[in-house]
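Chemist: So the sequences go chain by chain: R and X.
Count along the first sequence from 1, add 11, and you get the number used in the working numbering.
Count along the second sequence from 1, add 266, and you get the number used in the working numbering.
Below are the structure tokens for one structure; questions will follow.
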Amino acid sequence: MTATTQGRVAPGNLAETVFRIACASAATLLLAALAGVIVSLAIGGWPVLSTFGFGFLTSSEWNPVTDVYGAAGPIVGTLITAFLALILALPLALGVSLFLVEFCPPALARPVAVAVELLAGIPSIVYGMWGLFVFAPWFAAHVQVPLLLAAGDDTWWGKLVQGVPNGANIFTASVILAIMILPYMSSVFRELFLTVPATLREAAYGLGCTPFETARSVLIPYVRRSMIGVVMLGLGRALGETMAVTFIIGNAHGFPHSMFDSGSTLASTIANEFAEATGALHGAALMALGLVLFCITFGVLAIARLLIGEKAA
Amino acid sequence: MNRRMILALGAVAMVSGLSGCGGKSGAANALNGAGATFPAPVYAKWAETYRSAKSVAVNYQAIGSGGGIKQIEAKTVDFGASDKPLKPEELEKNGLYQFPTVIGGVVPVINLPGIKPGQVRLTGQALADIFQGKVKTWNDPEIASLNAGVALPKLPITVVHRSDGSGTSFMFTSYLASQSAGWKSAVGASDTVNWPTGLGGKGNDGVSAFVQQTVGAIGYVEYAYAKQNGATYALLRNQAGNYPAPTADAFAAAAAGADWSKAPGNYIMLIDQPGQDTWPISGATFILMHKQPKDAARAKAVLAFFDWAYTSGDDTAKKLDYVPLPDSVKAMVRQQWQTSIVANGKPVYTRRPSKP
Chain R
12 MTATTQGRVA
22 PGNLAETVFR
32 IACASAATLL
42 LAALAGVIVS
52 LAIGGWPVLS
62 TFGFGFLTSS
72 EWNPVTDVYG
82 AAGPIVGTLI
92 TAFLALILAL
102 PLALGVSLFL
112 VEFCPPALAR
122 PVAVAVELLA
132 GIPSIVYGMW
142 GLFVFAPWFA
152 AHVQVPLLLA
162 AGDDTWWGKL
172 VQGVPNGANI
182 FTASVILAIM
192 ILPYMSSVFR
202 ELFLTVPATL
212 REAAYGLGCT
222 PFETARSVLI
232 PYVRRSMIGV
242 VMLGLGRALG
252 ETMAVTFIIG
262 NAHGFPHSMF
272 DSGSTLASTI
282 ANEFAEATGA
292 LHGAALMALG
302 LVLFCITFGV
312 LAIARLLIGE
322 KAA
Chain X
267 MNRRMILALG
277 AVAMVSGLSG
287 CGGKSGAANA
297 LNGAGATFPA
307 PVYAKWAETY
317 RSAKSVAVNY
327 QAIGSGGGIK
337 QIEAKTVDFG
347 ASDKPLKPEE
357 LEKNGLYQFP
367 TVIGGVVPVI
377 NLPGIKPGQV
387 RLTGQALADI
397 FQGKVKTWND
407 PEIASLNAGV
417 ALPKLPITVV
427 HRSDGSGTSF
437 MFTSYLASQS
447 AGWKSAVGAS
457 DTVNWPTGLG
467 GKGNDGVSAF
477 VQQTVGAIGY
487 VEYAYAKQNG
497 ATYALLRNQA
507 GNYPAPTADA
517 FAAAAAGADW
527 SKAPGNYIML
537 IDQPGQDTWP
547 ISGATFILMH
557 KQPKDAARAK
567 AVLAFFDWAY
577 TSGDDTAKKL
587 DYVPLPDSVK
597 AMVRQQWQTS
607 IVANGKPVYT
617 RRPSKP
């Protein structure tokens with residue numbers, strides 16, 4: 012965001028004209044592609060939306076045999092896993108990035124930063140398989156079973172931890188998602204903290220602030236507006252993640268009844284069923300799920316936009 | 267200079283585009299098929315061997331049975347593939363013909379401490395009750411009565427099913443629906459159903475992993491997968507009242523015992539077929555073609571490929587743990603080819619007289 016000359020270029024400069032047209036058409040193309048996605052999802056999902064109407068969003072029955080479709084289960088699963096992942100990842104990402112910027116010995120900072128960025132490059136199916144074969148059994152044996160044994164069935168937290176003790180549930184899916192969005196968030200956070208002018212930090216230290224106080228009252232407030240953007244980026248990725256979640260969420264339609272119950276998300280349902288959806292209505296229902304996911308993501312990003320706008324004002 | 271570069275890029279794009287088209291519209295030197303994932307390994311191996319033997323390339327895209335049916339209906343491929351046979355009226359509507367290629371089967375796998383493969387016996391009704399959540403523990407009388415002398419633990423049963431739509435689920439739920447009126451009315455048969463209980467794993471791997479990781483679990487996988495992984499399987503009672511082990515012979519017996527002559531359009535499920543040693547959850551996988559292909563040469567080439575596979579592909583299939591069709595079924599299908607696929611009033615396939 013370097014400020015360059017803003018003035019209009021003299022007409023007749025061919026290169027500038029071409030450049031401007033190229034940029035404008037890139038932007039237009041993007042909007043057209045977005046509109047195309049919405050329109051084709053709406054057309055594809057129309058048979059189901061017109062059959063079930065608003066009930067498609069509120070019903071949790073999903074039965075390809077009788078051609079009855081309701082998206083409430085996957086919608087709830089998507090929102091729970093995405094927000095839970097965000098809650099888990101946010102403090103970690105902040106911690107990693109503050110450590111890298113404030114406390115890490117300079118010789119270590121670079122390798123650790125690269126390692127964090129490498130984490131972002133691991134394909135999601137690898138996270139999914141790791142989750143299924145390594146994390147889920149460990150989690151079941153060392154967390155889920157002890158909790159199940161300790162909890163009474165009637166207490167509120169006993170209800171919260173009920174489920175098949177094999178690690179395939181909403182909570183482990185959220186943990187995997189958190190690990191997946193962590194590198195994105197911490198890497199951008201780090202870049203953000205590096206933009207804080209050195210004079211500000213030095214001033215804070217000069218006033219006798221501890222590192223914690225500096226982070227709390229100088230670093231974080233300075234980048235707060237941009238931080239909302241990072242959080243929304245992470246949330247957007249968590250909402251749409253498909254492969255890793257499919258492996259570990261247990262893939263049960265309907266509402267999850269506890270933290271350790273199987274569930275499904277919009278993206279995982281589409282990924283699971285699209286290839287074999289032969290019935291006309293089944294395919295349409297999956298397209299409609301796509302539309303719902305698009306709207307949720309769009310809504311989340313719009314809210315982010317609003318939040319950022321408010322802070323700026 | 268800029269303009270020259272753009273022209274050059276355009277030329278490159280045009281040439282590559284043209285050559286892309288050339289492969290498709292030219293002589294039948296590369297055949298395209300798409301569909302079911304279950305037979306994909308054997309189709310790929312057949313294609314590889316066929317290419318080196320006859321210099322004809324066959325490209326197979328494993329996009330799922332649903333995708334295969336859609337693509338052959340849209341005529342974007344030379345043949346489609348589905349694990350789920352189309353009903354005669356569906357074939358008629360789209361002018362399609364289907365024939366089987368290889369047989370597979372579904373095996374229930376379990377995880378019980380101290381229980382060896384083949385030690386636990388189940389009926390279709392008991393299996394349906396387990397998967398419906400009616401039978402909740404392993405020492406339930408319904409299971410115990412079938413397994414006198416087997417120490418069944420008092421463990422809760424965890425049901426594991428496929429989360430992705432699959433021909434395996436279709437075969438499995440079709441079997442349950444054929445054995446249990448309760449399952450048929452409450453759940454039904456399809457490649458994706460509204461599972462009454464349990465959790466879903468993605469693919470055979472996912473189901474297998476959850477079963478192995480959960481004591482007291484029961485799931486179902488393809489026969490080839492169960493065999494290659496040495497899974498602990500349960501035995502099922504067949505129509506004759508026997509409990510055969512799930513072997514290639516037991517699946518072949520299902521295809522041989524079935525009455526194909528009473529299956530118009532080859533719409534046949536090899537579920538609970540007669541025979542002493544028949545495995546009850548078997549099924550063929552199918553190829554879909556147009557009855558009146560617009561390109562006779564390509565249709566002929568497709569049939570030539572499967573003719574070759576019927577003749578020379580059995581060993582390959584067996585090595586990959588697929589079960590070849592019995593000779594009687596192959597002969598019947600070859601007979602059908604001569605009358606079913608017609609272009610310009612002439613059959614595209616004529617059987618060369620076999621050498622004595």
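Ideal Cβ placement from N, Cα and C applies to all residues, glycine included.
#1: For a contact defined as C-beta to C-beta under 9 angstroms, what are the partners of Ala-151 of chain R on chain X?
#2: Check Thr-480 of chain X in the structure and name its three-state DSSP category.
#3: Could you list which residues in chain X have their beta carbon closer than 8 angstroms to that of Ala-299 of chain R, in chain order?
#4: Relative to the alpha-carbon of Val-473 of chain X, which residue among X:Val-375, X:Lys-320, X:Thr-458 has its alpha-carbon at the smallest distance?
#5: Whole angstroms is fine: what's the gap from Ala-296 of chain R's alpha carbon to Arg-227 of chain R's?
#6: Would you report the Cα separation of Ala-565 of chain X and Asp-515 of chain X, rounded to the nearest angstrom?
#7: Measure from the C-beta of Leu-143 of chain R to each C-beta in chain X and report whether the shortest distance is under 8 angstroms.
#8: Can you pull the chain R neighbours of Leu-465 of chain X, defined as C-beta to C-beta under 7 angstroms?
#9: Is there at least one Cβ from chain X nearer than 8 angstroms to Thr-325 of chain R's Cβ?
#10: Where do the ends of the alpha helix (DSSP H) carrying Pro-374 of chain X lie?
#11: Which residue marks the beginning of the beta strand (DSSP E) containing Ser-348 of chain X, and which one marks its end?
#12: For Gln-173 of chain R, list the residues DSSP reports as bridge partners.
#13: Helix, strand or coil: which one does DSSP assign to Gly-288 of chain X?
#14: Please report the residue range of the alpha helix (DSSP H) in which Tyr-441 of chain X lies.
#15: Determine the closest residue to Val-343 of chain X out of X:Pro-383, X:Gln-327, X:Gly-611, with distance taken between C-alpha atoms.
#16: On the premise that Gly-139 of chain R lies in contact with Ala-38 of chain R, defined as a C-beta separation below 8 angstroms, what is that separation, rounded to the nearest angstrom?
#17: Just to confirm, are Thr-315 of chain X and Thr-551 of chain X a CB contact at a threshold of 8 angstroms?
#18: Who are the near neighbours of Thr-303 of chain X in its chain, counting only those whose CB is closer than 7 angstroms to its CB and skipping five residues on each side?
#19: Please name the residue or residues paired with Gly-467 of chain X in a DSSP beta bridge.
#20: Taking 8 angstroms as the cut-off, does the stretch 384-399 of chain X touch the stretch 552-572 of chain X (at least 3 CB pairs, one atom from each stretch)?
#21: Could you tell me if Lys-290 of chain X is buried or exposed, where buried requires 16 or more neighbouring beta carbons within 10 angstroms of its beta carbon?
#22: In this structure, how does DSSP classify His-268 of chain R when only helix, strand and coil are distinguished?
#23: Give the straight-line distance between the Cα atoms of Ala-518 of chain X and Val-595 of chain X, rounded to the nearest whole angstrom.
#24: Judging by CA-CA distance, which residue of X:Leu-393, X:Ser-444, X:Leu-378 is the nearest neighbour of Leu-421 of chain X?
#25: How many Å lie between Ala-209 of chain R and Gly-84 of chain R at the Cα?
#26: Using a Cβ-Cβ cut-off of less than 9 angstroms, list which residues of the stretch 448-459 of chain X approach chain R; keep chain order.
#27: Determine the direct distance from the alpha carbon of Phe-63 of chain R to that of Pro-75 of chain R, and round the result to whole angstroms.
#28: Do we get a CB-CB distance below 8 angstroms when we pair Ile-484 of chain X with the residues of chain R?
#29: For Ala-313 of chain X and Gly-346 of chain X, which I take to be in contact (beta-carbon distance under 8 angstroms), what is that distance rounded to the nearest angstrom?
#30: Please compile the residues from chain X whose C-beta is within a distance smaller than 9 angstroms of the C-beta of Val-76 of chain R.
#31: Counting only C-beta atoms, is Gly-549 of chain X closer than 8 angstroms to chain R at any point?
#32: Do the CB positions of Ala-490 of chain X and Asp-587 of chain X come within less than 8 angstroms of each other?
#33: Looking at the structure shown, is Phe-94 of chain R part of a helix, part of a strand, or coil, going by DSSP?
#34: Rounding to the nearest angstrom, what Cα-Cα distance links Asp-406 of chain X and Phe-397 of chain X in this structure?
#35: Any Cβ of chain R within less than 8 angstroms of the Cβ of Thr-424 of chain X?
#36: Less than 8 angstroms separating the beta-carbons of Val-308 of chain X and Phe-571 of chain X?
Modeler: In this structure, then:
#1: The contacting residues are Gln-479, Thr-480.
#2: Thr-480 of chain X falls in the coil class under three-state DSSP.
#3: Near Ala-299 of chain R there are no residues of chain X at all, since even the closest Cβ is about 16 angstroms away, more than 8 angstroms.
#4: Here the closest residue by C-alpha is X:Val-375.
#5: Straight-line Cα distance between these residues: approximately 47 angstroms.
#6: C-alpha separation (whole angstroms): 32 angstroms.
#7: For Leu-143 of chain R, a Cβ of chain X is located within less than 8 angstroms of the residue's own Cβ.
#8: What Leu-465 of chain X touches in chain R: Val-175, Ala-179, Gly-261, Asn-262, Ala-263, Ser-273.
#9: What is shown of chain R runs 12 to 324, which leaves residue 325 of chain R out entirely.
#10: It is not in any alpha helix (DSSP H) - Pro-374 of chain X instead sits in the beta strand (DSSP E) that spans 362-376.
#11: Boundaries of the beta strand (DSSP E) harbouring Ser-348 of chain X: 345-348, taken from the DSSP string.
#12: Per DSSP, none; premise fails for Gln-173 of chain R.
#13: With a pLDDT of 38 at Gly-288 of chain X, under the threshold of 50, the predicted position of this residue should be treated as unreliable, and no value is reported.
#14: Note, Tyr-441 of chain X: alpha helix (DSSP H), 433-445.
#15: Closest option to Val-343 of chain X, judged by alpha-carbon separation, among X:Pro-383, X:Gln-327, X:Gly-611: X:Gln-327.
#16: Contact between Ala-38 of chain R and Gly-139 of chain R is ruled out by a C-beta separation of about 35 angstroms, above the 8 angstroms threshold.
#17: With respect to the 8 angstroms criterion, Thr-315 of chain X and Thr-551 of chain X are not classified as neighbours on the basis of their beta carbons.
#18: Its chain contains Ala-328, Gly-330 as the residues whose beta carbon lies nearer than 7 angstroms to that of Thr-303 of chain X, once the 5 sequence neighbours on both sides are disregarded; these appear in chain order.
#19: X:Arg-428.
#20: At 8 angstroms Cβ cutoff, the stretches do not touch.
#21: With a pLDDT of only 42 at Lys-290 of chain X, under 50, the local geometry of the prediction cannot be trusted, and no value is derived from it.
#22: Three-state result, His-268 of chain R: coil.
#23: Taking the straight line joining both Cα atoms gives about 11 angstroms.
#24: Minimum Cα distance to Leu-421 of chain X is reached at X:Leu-378.
#25: The straight-line gap separating the alpha-carbon atoms of Ala-209 of chain R and Gly-84 of chain R is approximately 49 angstroms.
#26: Correct list: Val-453, Gly-454, Ala-455, Ser-456, Asp-457, Thr-458, Val-459.
#27: Pro-75 of chain R and Phe-63 of chain R have their alpha carbons spaced roughly 14 angstroms apart.
#28: So, not an interface residue.
#29: Not confirmed; about 15 angstroms, so no contact.
#30: Near Val-76 of chain R (Cβ distances below 9 angstroms), the residues of chain X are Thr-439, Val-453, Gly-454, Ala-455, Ser-456, Thr-458, Val-459, Asn-460.
#31: Not one chain R Cβ lies under 8 angstroms of Gly-549 of chain X.
#32: Yes. Within cutoff.
#33: For Phe-94 of chain R, the secondary structure class from DSSP, reduced to helix, strand or coil, is helix.
#34: Going by the C-alpha atoms only, they are around 14 angstroms apart.
#35: Closer than 8 angstroms: yes.
#36: It is not a contact, given that the beta carbons lie outside the stated cut-off.
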